[in-house]
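Reviewing the structure listed below.
Protein chains: 2
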Amino acid sequence: MPLLVMKFGGTSVADLDRIKNAAAKVKREVERGYDVIVIVSAMSGKTNELVGWVEATSPLFDAREYDAVVASGENITAGLMALTLQEMDVPARSWQGWQVPINTTAAHSSARFVDIPRENINAKFAEGFKVAVVAGFQGVSPEGRVTTLGRGGSDTTAVAFAAAFKAERCDIYTDVDGIYTTDPRITTKARKLERIAFEEMLELASLGAKVLQTRSVELAMRYKVKLRVLSSFEDTDENSGTLVCDEDDIMESKVVSGVAFSREEAKITLFTIEDRPGVASAIFGPLADAGINVDMIVQNISEKDYDEAHPGAVTDMTFSCPINQVARAKKALEDAKTAGTIQYDELIIDEDVAKVSVVGIGMRSHAGVAAKMFSALSTENVNIKVISTSEIKISVLIDRKYMELAVQALHDAFELEKA
Amino acid sequence: MPLLVMKFGGTSVADLDRIKNAAAKVKREVERGYDVIVIVSAMSGKTNELVGWVEATSPLFDAREYDAVVASGENITAGLMALTLQEMDVPARSWQGWQVPINTTAAHSSARFVDIPRENINAKFAEGFKVAVVAGFQGVSPEGRVTTLGRGGSDTTAVAFAAAFKAERCDIYTDVDGIYTTDPRITTKARKLERIAFEEMLELASLGAKVLQTRSVELAMRYKVKLRVLSSFEDTDENSGTLVCDEDDIMESKVVSGVAFSREEAKITLFTIEDRPGVASAIFGPLADAGINVDMIVQNISEKDYDEAHPGAVTDMTFSCPINQVARAKKALEDAKTAGTIQYDELIIDEDVAKVSVVGIGMRSHAGVAAKMFSALSTENVNIKVISTSEIKISVLIDRKYMELAVQALHDAFELEKA
Numbered sequence: 001m002p003l004l005v006m007k008f009g010g011t012s013v014a015d016l017d018r019i020k021n022a023a024a025k026v027k028r029e030v031e032r033g034y035d036v037i038v039i040v041s042a043m044s045g046k047t048n049e050l051v052g053w054v055e056a057t058s059p060l061f062d063a064r065e066y067d068a069v070v071a072s073g074e075n076i077t078a079g080l081m082a083l084t085l086q087e088m089d090v091p092a093r094s095w096q097g098w099q100v101p102i103n104t105t106a107a108h109s110s111a112r113f114v115d116i117p118r119e120n121i122n123a124k125f126a127e128g129f130k131v132a133v134v135a136g137f138q139g140v141s142p143e144g145r146v147t148t149l150g151r152g153g154s155d156t157t158a159v160a161f162a163a164a165f166k167a168e169r170c171d172i173y174t175d176v177d178g179i180y181t182t183d184p185r186i187t188t189k190a191r192k193l194e195r196i197a198f199e200e201m202l203e204l205a206s207l208g209a210k211v212l213q214t215r216s217v218e219l220a221m222r223y224k225v226k227l228r229v230l231s232s233f234e235d236t237d238e239n240s241g242t243l244v245c246d247e248d249d250i251m252e253s254k255v256v257s258g259v260a261f262s263r264e265e266a267k268i269t270l271f272t273i274e275d276r277p278g279v280a281s282a283i284f285g286p287l288a289d290a291g292i293n294v295d296m297i298v299q300n301i302s303e304k305d306y307d308e309a310h311p312g313a314v315t316d317m318t319f320s321c322p323i324n325q326v327a328r329a330k331k332a333l334e335d336a337k338t339a340g341t342i343q344y345d346e347l348i349i350d351e352d353v354a355k356v357s358v359v360g361i362g363m364r365s366h367a368g369v370a371a372k373m374f375s376a377l378s379t380e381n382v383n384i385k386v387i388s389t390s391e392i393k394i395s396v397l398i399d400r401k402y403m404e405l406a407v408q409a410l411h412d413a414f415e416l417e418k419a
Numbered sequence: 001m002p003l004l005v006m007k008f009g010g011t012s013v014a015d016l017d018r019i020k021n022a023a024a025k026v027k028r029e030v031e032r033g034y035d036v037i038v039i040v041s042a043m044s045g046k047t048n049e050l051v052g053w054v055e056a057t058s059p060l061f062d063a064r065e066y067d068a069v070v071a072s073g074e075n076i077t078a079g080l081m082a083l084t085l086q087e088m089d090v091p092a093r094s095w096q097g098w099q100v101p102i103n104t105t106a107a108h109s110s111a112r113f114v115d116i117p118r119e120n121i122n123a124k125f126a127e128g129f130k131v132a133v134v135a136g137f138q139g140v141s142p143e144g145r146v147t148t149l150g151r152g153g154s155d156t157t158a159v160a161f162a163a164a165f166k167a168e169r170c171d172i173y174t175d176v177d178g179i180y181t182t183d184p185r186i187t188t189k190a191r192k193l194e195r196i197a198f199e200e201m202l203e204l205a206s207l208g209a210k211v212l213q214t215r216s217v218e219l220a221m222r223y224k225v226k227l228r229v230l231s232s233f234e235d236t237d238e239n240s241g242t243l244v245c246d247e248d249d250i251m252e253s254k255v256v257s258g259v260a261f262s263r264e265e266a267k268i269t270l271f272t273i274e275d276r277p278g279v280a281s282a283i284f285g286p287l288a289d290a291g292i293n294v295d296m297i298v299q300n301i302s303e304k305d306y307d308e309a310h311p312g313a314v315t316d317m318t319f320s321c322p323i324n325q326v327a328r329a330k331k332a333l334e335d336a337k338t339a340g341t342i343q344y345d346e347l348i349i350d351e352d353v354a355k356v357s358v359v360g361i362g363m364r365s366h367a368g369v370a371a372k373m374f375s376a377l378s379t380e381n382v383n384i385k386v387i388s389t390s391e392i393k394i395s396v397l398i399d400r401k402y403m404e405l406a407v408q409a410l411h412d413a414f415e416l417e418k419a
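Line order of the protein sequences matches chains A and B.
Last residue of the first sequence: number 419 in full-length UniProt numbering, and the count goes up by one each step with no gaps.
Last residue of the second sequence: number 419 in full-length UniProt numbering, and the count goes up by one each step with no gaps.
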């Protein structure tokens with residue numbers, strides 16, 4: 001029997017009516033001849049309620065107990081979804097993480113999959129059940145404790161099941177109807193993509209397009225799981241949404257597939273640091289220890305060489321990080337200065353920046369993308385503060401107030417509105 | 001290490017502050033040198049919310065999925081209680097039913113304990129944990145599905161753990177401060193009992209004193225678990241509340257320990273039925289099949305013997321049942337009449353009755369209790385409709401409007417206000 005994995009996020013199962021709506025989509029696939037594994041999130045708001053209780057109880061909570069409490073939300077949805085399907089005459093059974101079992105590491109609140117044995121669920125399919133409704137976001141540790149995968153983990157659960165059960169496809173039902181060339185709230189020219197390559201989706205996911213969790217895309221890429229993103233709230237068929245797939249499955253790809261952006265960026269510059277081997281690790285070691293997600297890093301030769309106050313060679317170091325980590329980053333750097341492991345004259349923080357990126361696997365074989373991007377921004381008088389590139393992505397840090405303008409200019413320059 | 005079981009009901013863990021208050025009581029016992037197994041209910045209101053969702057989804061729900069959904073409430077409290085204890089520097093770990101495991105039958109929503117292996121929890125105690133917080137009301141079936149014990153099941157969980165772990169005592173913390181000679185809302189003379197025998201408590205529990213679930217008392221009696229009922233909302237010490245214990249542990253017991261009552265009764269009389277062997281089973285068989293909890297049964301020789309219309313011997317049959325089962329009982333009897341398995345001339349339903357009972361193990365060795373009871377009621381002009389007796393209980397059915405008067409009169413007659 002061919003098998004599908006279908007995942008419904010929190011807004012797609014927010015109340016009993018929406019669960020019914022989601023169940024109808026599942027039933028349709030069963031009628032098409034599929035066995036279905038449904039992965040469900042907690043009803044939207046539920047996880048926040050549970051997290052709120054845990055944090056109010058114990059600010060520095062024990063992650064084992066956090067997981068035990070928070071995973072309840074998905075268990076409730078799983079049971080309700082199974083009941084809803086039964087009401088529609090679809091034989092369904094719910095599965096909590098330990099029942100499958102979804103074996104994970106013991107890294108509570110950020111557990112990773114170890115393996116997902118197929119025996120128990122397949123035995124139920126063999127008995128005539130058509131649907132296994134699995135609580136997303138959770139698993140069980142080697143010690144038999146409930147684990148969770150971290151926020152957005154239900155996407156990853158879905159992909160892991162699709163890989164383990166060799167599903168024909170993994171459909172992620174969400175509150176948008178696919179992956180767009182950019183956020184339609186920024187430009188009405190934004191166009192839904194029919195297909196996007198895993199690598200592109202990975203860059204888009206990590207750049208702030210919050211449709212899919214990054215880890216789920218990584219996992220899908222590794223196991224070549226065909227991922228489809230589509231809307232819970234529209235009628236959908238086999239051509240709906242956006243297919244995230246291997247680049248070989250994309251016939252003709254454009255040079256640039258999308259423009260991503262992130263408002264939540266900050267730029268931190270250390271002025272006048274020693275220019276010597278080991279200085280970068282002296283700076284970024286303490287930041288890593290403090291859990292700072294350092295993103296773009298730029299090092300410039302400073303003008304200040306041969307300054308009397310600084311007889312050795314000196315330089316400046318600039319990096320970006322999420323804006324809500326700035327205070328922690330500042331403290332880590334100041335502590336390192338106090339401890340004498342790094343020196344700098346001045347620490348400048350710019351919290352008014354945004355990151356804009358163009359992404360496309362076509363860049364690999366096309367020169368001139370960076371030049372076109374910089375020219376488009378320059379035409380709009382957008383000053384570039386930091387540049388960073390990867391094989392399929394060019395990112396710039398700019399003043400936040402120019403962000404929307406920059407996205408629109410780049411969307412136009414690369415003609416993303418055209419299919 | 002001596003071990004205590006402490007159980008906190010829904011109102012005792014209704015919010016984070018109350019959980020904190022309950023945890024303080026646990027901590028005090030740990031400081032006294034006990035290992036503690038804490039059994040928790042769902043935060044009050046939670047179970048109703050979950051049940052509401054299940055019933056709205058699927059009126060004739062699959063009990064396996066009902067159990068999976070509804071048991072989540074206790075899991076949440078267990079995790080929050082463990083976190084609260086940790087915050088108070090008490091090493092605590094939460095346990096869901098499958099983790100212990102609490103092995104039950106597969107009778108979903110009314111499962112019974114099969115066994116509770118001690119190994120896993122004892123291993124944690126050996127590691128230095130002082131408290132195991134166990135989700136009440138739930139277990140796991142032989143098929144690895146979540147089961148629940150039915151409403152009030154957390155009391156039963158507590159007693160079962162006390163029996164399995166040979167606890168020194170099982171303390172049931174609730175919203176009343178003990179067992180009273182009768183409901184203090186009926187008479188201010190009601191007095192809290194220091195001790196009460198299991199048998200008496202069983203009669204009181206099944207007669208409508210809703211402090212303890214009947215099954216939990218049965219289990220405590222069978223395994224000689226010392227049960228204590230005491231208040232979550234007061235300062236308590238080792239002498240607080242009421243001890244439910246073996247009658248041998250009660251030095252001098254009164255003839256009557258308490259007066260119980262139930263408003264929710266109805267009386268059903270079948271007039272003119274055949275007086276022949278097998279007629280009772282022809283009547284009560286269909287009632288049992290319809291799930292009617294028939295309580296008191298009285299059969300009278302009818303005046304109508306030798307009536308022309310009824311040439312054989314005839315009689316009347318009266319029984320009582322919970323008022324919310326009257327409609328179902330009526331239908332079962334009418335169906336049986338239609339089917340021809342029973343005959344009767346008339347079916348009279350009286351929904352304006354109440355049951356009042358006096359309970360006491362002292363009755364076994366004292367004559368005249370019934371006489372004293374009937375005399376007290378007669379003095380107040382309360383007419384008795386049905387009488388039923390057991391070894392340690394006398395119950396009467398009376399007009400509901402006399403119920404409070406009857407309870408007060410009996411409380412006075414047996415001088416229950418005196419210790």
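We put the CB at the ideal spot given by N, CA and C, even for glycine.
task: Consider the Cβ of residue 279/A: report whether some Cβ of chain B lies at a distance smaller than 7 Å.
output: As a position in the first sequence, residue 279/A is number 279, starting the count at 1. So, not an interface residue.
- prompt: Hey, quick one: how far does the beta strand (DSSP E) through residue 418/A stretch, first residue to last?
  reply: If you number the first sequence from 1, residue 418/A lands on position 418. Element bounds for residue 418/A: n/a, residue is neither H nor E.
query: Cα separation between residue 351/A and residue 393/A?
result: As a working mapping, residue 351/A is identified with position 351 in the first sequence. As a working mapping, residue 393/A is identified with position 393 in the first sequence. Approximately 23 Å, taken between the alpha carbons.
query: Any beta-carbon of chain B closer than 7 Å to the one on residue 94/A?
result: For the purposes of this step, residue 94/A is taken as the residue at position 94 of the first sequence. Yes, because at least one Cβ of chain B sits closer than 7 Å to the Cβ of residue 94/A.
message: Distance cutoff 7 Å, beta carbons only. Does residue 49/A sit that close to anything in chain B?
response: Residue 49/A sits at position 49 when you count from the first residue of the first sequence. With 7 Å as the cut-off, residue 49/A does not count as an interface residue toward chain B.
message: Buried or exposed for residue 368/B, going by 16 or more other Cβ atoms inside 10 Å?
response: As a working note, residue 368/B is residue 368 in the second sequence. The residue is exposed, with fewer than 16 neighbouring Cβ atoms inside 10 Å.
Three-pair Cβ contact test at 8 Å for the stretch 108-127 of chain A versus the stretch 138-150 of chain A: Verdict: yes, contact present.
query: Span of the alpha helix (DSSP H) holding residue 212/A?
result: Within the first sequence, residue 212/A is the residue found at index 212, counting from 1. Where residue 212/A is concerned, there is no enclosing alpha helix (DSSP H), given that its DSSP letter is neither H nor E.
task: May I ask you to verify whether the stretch 223-235 of chain B touches the stretch 353-361 of chain B, counting CB pairs closer than 8 Å and requiring at least 3?
output: no
message: Against chain B, with Cβ distances strictly below 7 Å, would residue 238/A count as a contact?
response: Position 238 of the first sequence holds residue 238/A. False, the Cβ-Cβ gap to chain B never drops below 7 Å.
field: Segment limits, alpha helix (DSSP H) that includes residue 86/B
entry: Translated into the one-based positions of the second sequence, residue 86/B becomes position 86. Unbroken alpha helix (DSSP H) run through residue 86/B: 72-87.
query: Who pairs with residue 147/B in a beta bridge, going by DSSP?
result: Here residue 147/B refers to the residue found at position 147 when the second sequence is read from its first residue. Per DSSP, 139/B.
message: Assuming residue 57/B is part of the alpha helix (DSSP H), what are its boundary residues?
response: Taking the first residue of the second sequence as position 1, residue 57/B is located at position 57. 46-57 is the span of the alpha helix (DSSP H), which, as asked, contains residue 57/B.
- request: Run the CB neighbour count on residue 19/A, radius 10 Å, all protein chains shown included, and call it buried at 16 or more, exposed below.
  value: Position 19 of the first sequence, counted from the start, is the residue given in the question as residue 19/A. Residue 19/A should be labelled buried.
task: For residue 343/B, collect the residues of the same chain with a Cβ closer than 7 Å to its Cβ; drop the 5 residues on either side in sequence, then sort them by chain order.
output: In the second sequence, counting from the first residue as 1, residue 343/B sits at position 343. Correct list, in chain order: 273, 274 and 337.
field: residue 79/A: contacting residues in chain B (beta-carbon distance under 7 Å)
entry: Stepping through the first sequence from its first residue, residue 79/A is reached at position 79. Those within 7 Å of residue 79/A in chain B are 65, 68 and 69.
query: residue 29/A lies in the alpha helix (DSSP H); which residues open and close that run?
result: Along the first sequence, one-based indexing puts residue 29/A at 29. Segment 16-31, the alpha helix (DSSP H) holding residue 29/A.
Residue 108/B classed as buried or exposed, judged by whether at least 16 other C-beta atoms fall within 10 angstroms: Translated into positions along the second sequence, residue 108/B becomes position 108. Residue 108/B should be labelled buried.
query: Does residue 144/B get closer than 7 Å to chain A when you measure Cβ to Cβ?
result: Stepping through the second sequence from its first residue, residue 144/B is reached at position 144. Chain A, which has a Cβ nearer than 7 Å to the Cβ of residue 144/B, makes this yes.
query: Which chain B residues are close to residue 99/A, counting only those with a beta carbon under 7 Å from its beta carbon?
result: Here residue 99/A corresponds to residue number 99 of the first sequence, with the count starting at 1. Within chain B, the residues near residue 99/A are 144.
query: In the DSSP assignment, what are the bridge partners of residue 292/B?
result: Position 292 of the second sequence, counted from the start, is the residue given in the question as residue 292/B. Residue 292/B pairs with nothing; no bridge assigned.
task: Under 9 Å between beta-carbons, which chain B residues line up against residue 75/A? List them in chain order, please.
output: In the first sequence, counting from the first residue as 1, residue 75/A sits at position 75. Within chain B, the residues near residue 75/A are 68, 69, 71, 72, 75 and 146.
query: Start and end of the alpha helix (DSSP H) containing residue 121/A?
result: Locating residue 121/A in the first sequence gives position 121, where the first residue counts as 1. Looking at the DSSP string, the run of the alpha helix (DSSP H) that includes residue 121/A is 119-127.
message: Just to make sure I have the definition right: I need the residues of chain B whose C-beta is within less than 7 Å of the C-beta of residue 61/A. Which are they?
response: By 1-based counting over the first sequence, the position of residue 61/A is 61. Here the neighbours are 83.
query: My guess is that residue 355/B and residue 261/B are in contact by the Cβ rule of under 8 Å, so how many angstroms apart are they, rounded?
result: Counting from one through the second sequence, the residue named residue 355/B turns up at place 355. Counting from one through the second sequence, the residue named residue 261/B turns up at place 261. Confirmed, about 6 Å.
field: Own chain residues within Cβ distance below 6 Å of residue 395/A, not counting five before or after
entry: Numbered from its first residue, the first sequence carries residue 395/A at position 395. If we look at residue 395/A and ignore the five residues flanking it on each side, its Cβ neighbours are 355, 357 and 388.
message: My output table needs one value for residue 258/B: the three-state DSSP class, helix, strand or coil.
response: The residue labelled residue 258/B in the question sits at position 258 within the second sequence. Residue 258/B: strand per DSSP, three-state reduction.
- request: Could you tell me if residue 366/B is buried or exposed, where buried requires 16 or more neighbouring beta carbons within 10 angstroms of its beta carbon?
  value: Against the second sequence, residue 366/B aligns to sequence position 366. Label assigned to residue 366/B: exposed.
- request: Please list the partners that residue 87/B has in chain A, where partner means a Cβ-to-Cβ separation under 8 Å.
  value: On the second sequence, position 87 is the one that residue 87/B refers to. Those within 8 Å of residue 87/B in chain A are 57 and 58.
- prompt: Distance, Cα to Cα, residue 132/A vs residue 156/A?
  reply: Position 132 of the first sequence, counted from the start, is the residue given in the question as residue 132/A. Position 156 of the first sequence, counted from the start, is the residue given in the question as residue 156/A. If you take the alpha carbons of residue 132/A and residue 156/A, they lie about 17 Å apart.
message: DSSP three-state label for residue 61/A, please.
response: For this step, residue 61/A is matched to residue 61 along the first sequence. Here residue 61/A sits in coil by DSSP.
Alpha carbon of residue 225/A to alpha carbon of residue 170/A, nearest angstrom: On the first sequence, residue 225/A is found 225 positions in, with the first residue counted as 1. On the first sequence, residue 170/A is found 170 positions in, with the first residue counted as 1. Going from the Cα of residue 225/A to the Cα of residue 170/A covers about 7 Å.
query: How many whole angstroms separate the CB atoms of residue 39/A and residue 158/A, which I take to be in contact at a CB cut-off of 8 Å?
result: Here residue 39/A corresponds to residue number 39 of the first sequence, with the count starting at 1. Here residue 158/A corresponds to residue number 158 of the first sequence, with the count starting at 1. Confirmed, Cβ separation roughly 4 Å.
query: If we cut at 7 Å on Cβ distances, does residue 16/A have a partner in chain B?
result: Looking up residue 16/A in the first sequence gives position 16. At least one C-beta of chain B is nearer than 7 Å to the C-beta of residue 16/A.
field: Chain-ordered neighbours of residue 54/B on chain A, where CB pairs are closer than 9 Å
entry: For this step, residue 54/B is matched to residue 54 along the second sequence. 79, 80 and 83, listed in chain order.
- request: Determine the closest residue to residue 271/B out of 315/B, 295/B and 245/B, with distance taken between C-alpha atoms.
  value: Position 271 of the second sequence, counted from the first residue, corresponds to residue 271/B. Answer by Cα proximity: 315/B.
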